[in-house]
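*Asks:*
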Ligand code: FAD
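Laid out in structure tokens, this is it:
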């Protein structure tokens, strides 16, 4: 053999090894919080980790936005507290499963999978999906499992990932021990779906494993250690340890900060400009241009921007008051069980943990109320809490429909008596970790290579029943930035009148001069590569965001000779809807695009809240244009839908079914089949939330 052959074979083996161990290698190279990532106690061999750590139950999750992880952890915590099981709860991304069938006989596996896009597994679970696809019949015959899926029934392939997992597991001979749970976010019932699945699953597990239920109350998974001095390397809410010790930040030869950037290592991007898009007294929508030129991060038109928020001063204060916490207390956490990952970096202060790491103001679960019973400040409150936590209908009436957050409801129940008995560790372990919010990028990666635009409607609704405004964490932060960045004097009444104020300087003043921790999440929402194909875009409200990017892409291509003959460009038809003229997004821009793209770009606009006028929605306009739509589809057209998943996407689907059935003289079932096939082939693409 020639030496060159040996080198070539060596290179192939090296590439194969690098590929095989890519996650581990990436973790080693890029892990910024290695000392908190004790999860799994080391190693990728799942059976080995179970044996080494004396575990007798395995919970595996695949998560895209963190919800599946939250539920997997809640489930694990209950298995430990209620039944004294010794649980390993881990992300499938971090393990190999070749030895899954070699788990000790009595170990049951509970899977939690969220579904992403068109029935896909979350990015981190793709390896597990492939493993199941390749698993031979009978190769998992020792495995007994339960499965909980998190999905949204607006999507064609509702809970597609968990259904595929069920199919793969049963085909490989694994034995299902309780009915699959299918949470439906479209109905807003994820939590109740989980609770009923859990009850049924616990009953089966009790029978199968002969479990005895104990009610010893809260058992912490961590030890808390109070410090009297803040160590220099302590966390003050930094989204990554790299921002505590800047020597860990790597730059390329052009001086650009190197990624990969993610929610655990976002780029602190300057907000170059921001402006209000609505011309309304009671609603706001923020256009923001975020500069990523200092990083090696890039994006493509149609991608999403992840923004890592922090909680408002008002919400932090209310939380501290409700639970009588000392905001300045410095503490560190240590895992009691070496396989438990720390929820956030410590040492840190109570205030930093609340502001930057805990999701303190969103909707709450009935389960947290039942866990809080033991800490109620008095007997009367205890009884009220117990009743509320057990009665699904009462909870819906008193909490969910009133949109109360944890502090709101606890203070209502106790008649404003504080909840000083609740251990801080309980709050850390029972309140979900703050998650990034995603925004469909509204710029074009051709014309704005390093300036990511987002278009975010501010969530701030008066709650007539409670007199407390229901606010969104991130969008109010964006509005604060927009107002501060554009204020002309220090006494801008709009800033003082805001319901929510934020610490815009952030931990260690890292966010000063208007910076936001962001990262790009790749999507598959893409214009057809062949510009001659017609394009039908349906995007009311902020659903228009990616279509602004699409049209700017086409404008760039035409203006820069990439599309030499405008006549060859396919027709681009945009259906847009807003309440009225005051919230008509980017009103001044569209005519400019039309003048460059000429008749190749047409926008059909409707409004749903003009006094004394019939409400018209995009789905109505689609029906009006059914002839043209059919023609464009016959010419090989693509359909893109973006925006509200609950009302709009379902309405649009119904209109498309009607257009196809009537236009082609076929049944509704046949039209549904055509639309399904178009989704599978990518000629219909959805970006709905
Ligand atoms: P959150 O704090 O997450 O609150 C969410 C909602 O719950 C709000 O309406 C809030 O008022 C309400 N709420 C708050 N507290 C409670 C409570 N206690 N009980 C009940 N309800 C409560 N949005 C856009 O504006 N533009 C986009 O381009 C866009 N693109 C997206 C793309 C993707 C892929 C996804 C997944 C979402 C997208 N979104 C977009 C939605 C966006 O990610 C956020 O969900 C939205 O901006 C609200 O975030 P927030 O942090 O302000 O609100």
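In the numbering used here, the protein residues as written are 881 to 1569. Built from N, CA and C at the ideal position, the CB exists for glycine as well. Just so it is clear, the structure is predicted and the values come from calculations on it, not from any experiment.
Any idea what DSSP makes of residue 1486, helix, strand or coil?
*Replies:* Correct three-state label for residue 1486: strand.
*Asks:* Would you kindly report the start and end of the unbroken beta strand (DSSP E) that includes residue 996?
*Replies:* From DSSP, residue 996 is part of no beta strand (DSSP E); its letter is neither H nor E.
*Asks:* Tell me whether the segment 1115 to 1129 and the segment 1154 to 1161 touch, counting them as touching only if at least three CB pairs, one residue from each stretch, are closer than 8 Å.
*Replies:* Segments in contact, no.
*Asks:* Just tell me which of 1439, 942, 977 and 1503 has its CA closest to the CA of residue 991.
*Replies:* Nearest of 1439, 942, 977 and 1503 to residue 991, Cα basis: 942.
*Asks:* Taking residue 948 as part of the alpha helix (DSSP H), name the residues at either end of that continuous run.
*Replies:* Where residue 948 is concerned, the enclosing alpha helix (DSSP H) stretches over 947 to 963.
*Asks:* Thinking C-beta only, is residue 1337 closer than 9 Å to residue 1164?
*Replies:* Yes; because the gap between Cβ atoms is below 9 Å, this pair is in contact.
*Asks:* Using a Cβ-Cβ cut-off of 6 Å (strictly less than) and excluding sequence neighbours within five positions of residue 1550, which residues of its own chain qualify?
*Replies:* Closer than 6 Å at Cβ, skipping near neighbours: no residue.
*Asks:* Can you find the residues in the same chain that come closer than 8 Å, C-beta to C-beta, to residue 1048, ignoring five residues on each side of it along the sequence?
*Replies:* For residue 1048, where only same-chain residues beyond five positions count, the Cβ hits under 8 Å are 1009, 1012, 1013 and 1015.
*Asks:* Let me know if residue 1469 comes out buried or exposed under the rule of 16 or more other beta-carbons within 10 Å of its beta-carbon.
*Replies:* By the 10 Å Cβ count, residue 1469 comes out exposed.
*Asks:* Between the alpha carbons of residue 1322 and residue 1431, how many angstroms are there, rounded?
*Replies:* For residue 1322 and residue 1431, the distance between alpha carbons rounds to 10 Å.
*Asks:* Could you compute how far the alpha carbon of residue 1565 sits from the alpha carbon of residue 1319?
*Replies:* Their Cα atoms are separated by approximately 17 Å.
*Asks:* Beta strand (DSSP E) containing residue 1105: first to last residue?
*Replies:* Run containing residue 1105: 1102 to 1107, per the beta strand (DSSP E) assignment.
*Asks:* Taking the runs of the beta strand (DSSP E) that are 3 residues or longer, which of them lie wholly in the segment 1406 to 1468?
*Replies:* Counting only runs of 3 or more, we get 1415 to 1418 and 1452 to 1458.
*Asks:* Regarding residue 1335 and ligand 1, is the C-beta to nearest heavy atom distance less than 8 Å?
*Replies:* Indeed, a heavy atom of ligand 1 lies less than 8 Å from the Cβ.
*Asks:* Mind checking if residue 1244 is an interface residue toward chain B, Cβ cutoff 9 Å exclusive?
*Replies:* In the displayed structure, chain B is absent; only one protein chain is listed.
*Asks:* Please tell me whether, using a cut-off of 8 Å, the distance from the CB of residue 1528 to the nearest non-hydrogen atom of ligand 1 is below it.
*Replies:* No; taking the cut-off as 8 Å, the Cβ of residue 1528 has no heavy atom of ligand 1 nearer than that.
*Asks:* Measure from the alpha carbon of residue 928 to the alpha carbon of each residue in 937, 956 and 982, then state which is nearest.
*Replies:* Ranking the options by Cα distance to residue 928, first place goes to 982.
*Asks:* At the level of alpha carbons, what is the spacing between residue 1183 and residue 1023?
*Replies:* Answer to the nearest angstrom: the Cα atoms are 39 Å apart.
*Asks:* Along the chain, where does the alpha helix (DSSP H) containing residue 1509 start, and where does it finish?
*Replies:* Looking at the DSSP string, the run of the alpha helix (DSSP H) that includes residue 1509 is 1506 to 1514.
*Asks:* Verify the contact flag: residue 1425, CB atom, against every heavy atom of ligand 1, threshold strictly below 8 Å.
*Replies:* Yes; taking the cut-off as 8 Å, the Cβ of residue 1425 has a heavy atom of ligand 1 nearer than that.
*Asks:* For residue 1436, which residues of its own chain have a beta-carbon under 7 Å away from its beta-carbon, when the five flanking residues on both sides are left out?
*Replies:* Hits under 7 Å: 1324, 1326 and 1327.
*Asks:* Please classify residue 1395 as buried or exposed, where buried requires at least 16 neighbouring CB atoms within 10 angstroms.
*Replies:* Buried is the call here.
*Asks:* Taking the runs of the beta strand (DSSP E) that are 3 residues or longer, which of them lie wholly in the segment 980 to 1036?
*Replies:* As far as the segment 980 to 1036 is concerned, its whole beta strand (DSSP E) runs of at least 3 residues are 988 to 994 and 1024 to 1031.
*Asks:* Could you compute how far the alpha carbon of residue 1390 sits from the alpha carbon of residue 1148?
*Replies:* Each residue's alpha carbon lies about 8 Å from the other.
*Asks:* Is any non-hydrogen atom of ligand 1 found closer than 8 Å to the C-beta of residue 1234, if you look at the structure I gave you?
*Replies:* For ligand 1, not one heavy atom lies less than 8 Å from the Cβ of residue 1234.
*Asks:* Hey, would you say the C-beta of residue 1456 is under 8 Å away from at least one heavy atom of ligand 1?
*Replies:* No; taking the cut-off as 8 Å, the Cβ of residue 1456 has no heavy atom of ligand 1 nearer than that.
*Asks:* Roughly how many angstroms lie between the CA atoms of residue 1368 and residue 1374, to the nearest whole one?
*Replies:* Looking at the two C-alpha atoms, the distance is approximately 11 Å.
*Asks:* Return the first residue and the last residue of the beta strand (DSSP E) that residue 866 is part of.
*Replies:* Look at the range of the chain in this structure, 881 to 1569, and you will see that residue 866 is not part of it.
*Asks:* Grab the span of the beta strand (DSSP E) containing residue 1399 for me, first residue to last.
*Replies:* First-last of the beta strand (DSSP E) with residue 1399: 1395 to 1401.
*Asks:* Quick one: Cα of residue 1091 to Cα of residue 963, how far?
*Replies:* Looking at the two C-alpha atoms, the distance is approximately 6 Å.
*Asks:* In or out: residue 1231 buried (at least 16 other Cβ within 10 Å) or exposed?
*Replies:* Buried.
*Asks:* Hey, residue 1544 and residue 1036: beta-carbon distance below 9 Å or not?
*Replies:* No, the Cβ-Cβ distance between residue 1544 and residue 1036 is not below 9 Å.
*Asks:* Comparing alpha-carbon positions, which option in 1417, 1097 and 1191 lies nearest residue 1315?
*Replies:* With distances taken between Cα atoms, residue 1315 lies closest to 1191.
*Asks:* Decide if residue 1412 is buried, meaning its Cβ has at least 16 other Cβ atoms within 10 Å, or exposed.
*Replies:* Exposed, by the Cβ-count rule.
*Asks:* For the beta strand (DSSP E) containing residue 1358, list its first residue and its last residue.
*Replies:* That residue, residue 1358, is in no beta strand (DSSP E); its alpha helix (DSSP H) goes 1353 to 1366.
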